[in-house]
Amino acid sequence: MTAVASPLTPLPKSGVRKAKNVLATILISVTFLIAVIPLVFLVVYVVQQGSKVISWSFLNDDLPFVDRLPGGGMGPAVVGTLLITGAASLMAIPLGILGGIYLNEYGGKNPLARFIRFLSEVMTGVPSIVMGLFIYTLIVLNTKEKNGFAGSLALACLMLPIVIRTTDQMLSLVPRELREGSFALGSRKVRTIRTVVLPNAAAGIVSGALLAVARAAGETAPLLFVIGTTRETNTNLFHGPNTALSVQIFTNATSPFIVQQDRAWGAALTLILIVFITTMAARLVTAFFARRQAA
Amino acid sequence: MAVTAPPRPTDPPASAPRGLGTGPRPPGRVTDHVFRWIALASGLLVLAILGLIAYTTTKNAWPWFREEGLGIFADNWDPAKGQYGAGAMIYGTFLVGFIALVLSVPVSVGIALFVNEVSPRRMRKPIIYTVDLLAAIPSVVYGLWALAVLTQPLANIYQSISDATSGIPIIKDLTAEPSKSGLSYMTAGIIVAIMITPIVTSLTREVFATTPQPLKEAAYGMGATRWEMIRGSVFTHSRGGVVSAVMIGLGRAIGETIAVALLVGSSQHISAHLFGPGDTLASIIANQFGEAVGIQRAALIGMGVVLLVLTIAVGALARGIVTRYDKRSGAVA
Numbered sequence: 002m003t004a005v006a007s008p009l010t011p012l013p014k015s016g017v018r019k020a021k022n023v024l025a026t027i028l029i030s031v032t033f034l035i036a037v038i039p040l041v042f043l044v045v046y047v048v049q050q051g052s053k054v055i056s057w058s059f060l061n062d063d064l065p066f067v068d069r070l071p072g073g074g075m076g077p078a079v080v081g082t083l084l085i086t087g088a089a090s091l092m093a094i095p096l097g098i099l100g101g102i103y104l105n106e107y108g109g110k111n112p113l114a115r116f117i118r119f120l121s122e123v124m125t126g127v128p129s130i131v132m133g134l135f136i137y138t139l140i141v142l143n144t145k146e147k148n149g150f151a152g153s154l155a156l157a158c159l160m161l162p163i164v165i166r167t168t169d170q171m172l173s174l175v176p177r178e179l180r181e182g183s184f185a186l187g188s189r190k191v192r193t194i195r196t197v198v199l200p201n202a203a204a205g206i207v208s209g210a211l212l213a214v215a216r217a218a219g220e221t222a223p224l225l226f227v228i229g230t231t232r233e234t235n236t237n238l239f240h241g242p243n244t245a246l247s248v249q250i251f252t253n254a255t256s257p258f259i260v261q262q263d264r265a266w267g268a269a270l271t272l273i274l275i276v277f278i279t280t281m282a283a284r285l286v287t288a289f290f291a292r293r294q295a296a
Numbered sequence: 006m007a008v009t010a011p012p013r014p015t016d017p018p019a020s021a022p023r024g025l026g027t028g029p030r031p032p033g034r035v036t037d038h039v040f041r042w043i044a045l046a047s048g049l050l051v052l053a054i055l056g057l058i059a060y061t062t063t064k065n066a067w068p069w070f071r072e073e074g075l076g077i078f079a080d081n082w083d084p085a086k087g088q089y090g091a092g093a094m095i096y097g098t099f100l101v102g103f104i105a106l107v108l109s110v111p112v113s114v115g116i117a118l119f120v121n122e123v124s125p126r127r128m129r130k131p132i133i134y135t136v137d138l139l140a141a142i143p144s145v146v147y148g149l150w151a152l153a154v155l156t157q158p159l160a161n162i163y164q165s166i167s168d169a170t171s172g173i174p175i176i177k178d179l180t181a182e183p184s185k186s187g188l189s190y191m192t193a194g195i196i197v198a199i200m201i202t203p204i205v206t207s208l209t210r211e212v213f214a215t216t217p218q219p220l221k222e223a224a225y226g227m228g229a230t231r232w233e234m235i236r237g238s239v240f241t242h243s244r245g246g247v248v249s250a251v252m253i254g255l256g257r258a259i260g261e262t263i264a265v266a267l268l269v270g271s272s273q274h275i276s277a278h279l280f281g282p283g284d285t286l287a288s289i290i291a292n293q294f295g296e297a298v299g300i301q302r303a304a305l306i307g308m309g310v311v312l313l314v315l316t317i318a319v320g321a322l323a324r325g326i327v328t329r330y331d332k333r334s335g336a337v338a
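Same order as they appear, the protein sequences are chains A and B.
2 is the number of the first residue of the first sequence in our numbering; add one for each residue after it.
6 is the number of the first residue of the second sequence in our numbering; add one for each residue after it.
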């Protein structure tokens with residue numbers, strides 16, 4: 002700060018200082034616009050391009066047998082994205098919540114819990130492409146088969162640390178008095194966790210889990226080498242190659258054929274809708290529970 | 006992110022108090038134990054997975070490490086000639102990350118200040134949600150969008166910047182030979198900057214929010230304007246935290262794959278030309294792994310290992326900075 006004339010008299014508000022303040026305030030406000038502009042442009046453009054292509058049959062039909070031909074849809078990719086992400090969620094969310102329960106309810110601040118917390122942080126930072134390579138080397142090389150489940154495993158690895166950390170944080174916000182009250186009534190630990198601790202943290206955990214699902218649904222890199230590719234809908238995750246919206250966008254993005262680019266935009270709009278709806282659901286869960294708790 | 010973890014309440018007593026009297030124990034003892042072990046096993050899963058990641062990827066990359074030795078850092082990637090040095094990709098990874106930080110950090114710090122200090126209180130949540138939406142958009146959609154909308158205008162801008170600076174030493178080396186397609190380190194860096202802005206914003210916001218109210222009021226009490234208060238109180242208090250937020254942002258940036266794979270131009274040579282094509286570790290894996298066999302595949306998996314080590318190192322650095330900063334501010338408080 003500038004030199005103070007006397008500790009008791011406030012600095013005079015000179016014109017230069019006021020001008021600097023106004024300028025800084027304007028710059029700070031402008032940064033928000035800088036971030037919002039690409040968001041708005043991107044969403045508007047994807048909706049514009051995607052809505053030209055998207056239709057009920059686009060969402061259901063198989064991919065055309067020849068890439069450069071018009072027609073056909075993204076059915077297999079829509080089904081693939083939903084199934085692969087769904088299976089990943091079924092694995093990562095329960096395990097992640099259990100892990101979070103261990104960290105906060107059993108481990109607390111002991112060295113093991115601290116260590117696991119540190120590792121979860123490290124694992125959150127592992128690039129998604131490395132998860133893809135990991136599942137490729139661990140599963141695909143050994144089973145000699147690419148299928149949807151390998152993709153689910155890769156996505157589950159990405160989601161797991163996020164769910165663990167959210168659960169740990171949300172449980173730590175539950176007041177200790179509630180647990181003590183439950184213990185005083187004679188409940189054992191499991192019962193206390195099930196009937197007192199988890200319900201109190203449910204909103205945060207559910208919304209954190211949904212955000213993890215949204216992130217996983219949009220991932221391309223982990224799926225690229227492990228799910229193979231198909232033009233027909235494959236509802237069996239454990240057998241035969243599969244495909245996903247994100248992977249289809251990636252392969253179609255660089256295509257010279259307009260019809261393929263159009264399909265990429267349709268897929269992009271579908272994917273953004275899936276991701277945004279999941280994100281909104283997370284926000285709604287938070288808002289709904291917050292209101293109920295306030296009432 | 007544990008830049009400022011909320012205080013953790015102390016643990017509940019390890020075991021529930023037993024009932025008085027000597028009757029049979031209430032049911033649930035076994036369930037209690039079993040559940041505890043299941044929960045612990047789920048926690049340890051993280052350790053197991055990380056161990057497996059390190060083991061299987063290193064094992065499959067081993068032929069590359071053995072064959073090339075320190076040559077893995079050479080700038081000579083050319084699978085056709087059997088040369089597999091990853092130097093250009095490591096360089097590109099950091100260059101794209103650096104460009105992304107230079108563009109993203111000022112904006113992120115600005116948004117953080119806007120939310121915490123400038124905007125009306127009830128606007129905060131909507132603003133945060135809006136910025137977070139940037140993180141919700143999938144990487145591949147950013148890539149597709151930038152490819153369709155940004156690359157051509159950017160190519161023209163690069164060309165004119167390059168023409169305008171062709172007489173200035175040093176700068177002309179950075180701006181020379183702009184790519185006609187617009188695919189370049191710079192284009193990839195711009196998109197990655199947009200993608201990491203939400204995380205850097207939310208981390209810096211958390212750090213700024215820890216500035217003690219008395220410190221701010223003291224500044225105002227001395228007649229400081231808001232900007233002087235921010236500089237004197239908020240910035241001074243948050244320096245370490247912001248640096249670590251930046252490091253975490255860098256960690257995210259260097260792992261960014263798909264958008265970069267579409268935009269960086271896939272040229273495996275070290276080059277100072279920011280507007281020219283390059284490649285990064287993550288993007289070359291995404292672009293070449295499909296067709297790679299033998300030692301090239303081992304090399305690509307090996308680059309995944311290098312990438313993993315880099316992200317962990319950057320993360321550890323960020324953590325180290327936080328710890329040091331926590332100790333220092335703890336001593337003051």
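For glycine and all other residues, C-beta sits at the position ideal for the given N, C-alpha and C.
Note that the structure is predicted; figures quoted are calculated from it, not measured.
Item                                                                                                                         : Value
Member of A/Ala215, A/Gly219, A/Gly241, A/Arg189 whose CA lies at the smallest distance from the CA of B/Thr36               : A/Arg189
Contact with chain B by A/Thr86, beta-carbon distance below 9 Å                                                              : no
First and last residue of the uninterrupted alpha helix (DSSP H) at A/Leu43                                                  : 16 to 54
Extent of the continuous alpha helix (DSSP H) run through A/Gly182                                                           : 177 to 185
Residues of the segment 212 to 231 of chain A whose Cβ lies closer than 9 Å to any Cβ of chain B, in chain order             : Leu212, Ala215, Arg216, Ala218, Gly219, Glu220, Thr221, Ala222, Leu225, Phe226
Min CB distance B/Ala153 to chain A below 9 Å                                                                                : yes
Per-residue contacts from A/Gly100 into chain B (C-beta, under 8 Å)                                                          : Ala44, Ser47, Gly48, Leu50, Val51
Beta-carbon proximity of A/Gly133 to A/Ala222, cut-off 9 Å                                                                   : yes
Test item: CB-CB of B/Trp82 and B/Gln218 under 9 Å                                                                           : no
Cutoff 7 Å; reference A/Gln50; Cβ partners in own chain excluding five residues on either side                               : Trp266
9 Å Cβ cutoff met for B/Asn292 and B/Ser276                                                                                  : no
Cβ of A/Lys53 within 9 Å of any chain B Cβ                                                                                   : no
Within the segment 149 to 212 of chain B, ranges of the alpha helix (DSSP H) (whole runs, at least 4 residues)               : 156 to 169, 176 to 180
Neighbourhood of B/Ser238 by C-beta, 7 Å cutoff - its chain only, sequence neighbours within 5 removed                       : Thr216, Leu220, Lys221, Ala224
Where A/Val123 meets chain B, residues with beta-carbon distance less than 7 Å                                               : Leu55, Ile317, Gly320
Boundaries of the alpha helix (DSSP H) in which B/Glu72 is found, first to last residue                                      : 34 to 73
4-residue-minimum alpha helix (DSSP H) runs that sit fully inside the segment 261 to 335 of chain B, ordered along the chain : 263 to 268, 286 to 293
Same chain only: Cβ atoms within 6 Å of B/Ala297, ignoring 5 sequence neighbours per side                                    : Leu305
A/Asp63 in three-state terms, based on DSSP                                                                                  : coil
Cβ of A/Ala269 within 9 Å of any chain B Cβ                                                                                  : yes
Cβ of B/Thr209 within 9 Å of any chain A Cβ                                                                                  : no
Extent of the continuous alpha helix (DSSP H) to which B/Phe99 belongs                                                       : 92 to 118
Through-space distance from A/Ile163 to B/Leu50, alpha-carbon basis                                                          : 13 Å
Where the segment 184 to 201 of chain A meets chain B: residues whose CB sits under 7 Å from a CB there                      : Phe184, Gly187, Ser188, Arg189, Lys190, Val191, Arg192
Interface flag, A/Leu83 vs chain B, CB-CB below 9 Å                                                                          : no
Backbone CA spacing between B/Asn161 and B/Met94 [nearest angstrom]                                                          : 26 Å
DSSP beta-bridge partners of A/Gln249                                                                                        : A/Gln249 pairs with nothing; no bridge assigned.
CB contact below 9 Å: A/Val48 versus chain B                                                                                 : no
Per-residue burial, A/Arg195 [other beta carbons within 10 Å of its own, 16 or more giving buried]                           : exposed
C-beta contact flag for A/Leu272 and A/Gly219 at 9 Å                                                                         : yes
Which residues DSSP lists as bridging B/Asp83, in chain order                                                                : B/Gln88
Residue environment, A/Ser52, which counts as buried when at least 16 other CB atoms sit within 10 Å                         : exposed
Segment limits, alpha helix (DSSP H) that includes A/Arg192                                                                  : 190 to 193
7 Å CB neighbourhood of B/Asn121 in its chain, flanking five on each side removed                                            : Arg210, Phe213, Ala214
Sequence-distant residues of its chain with Cβ nearer than 6 Å to B/Ala91 (five each side left out)                          : Ile77, Met308
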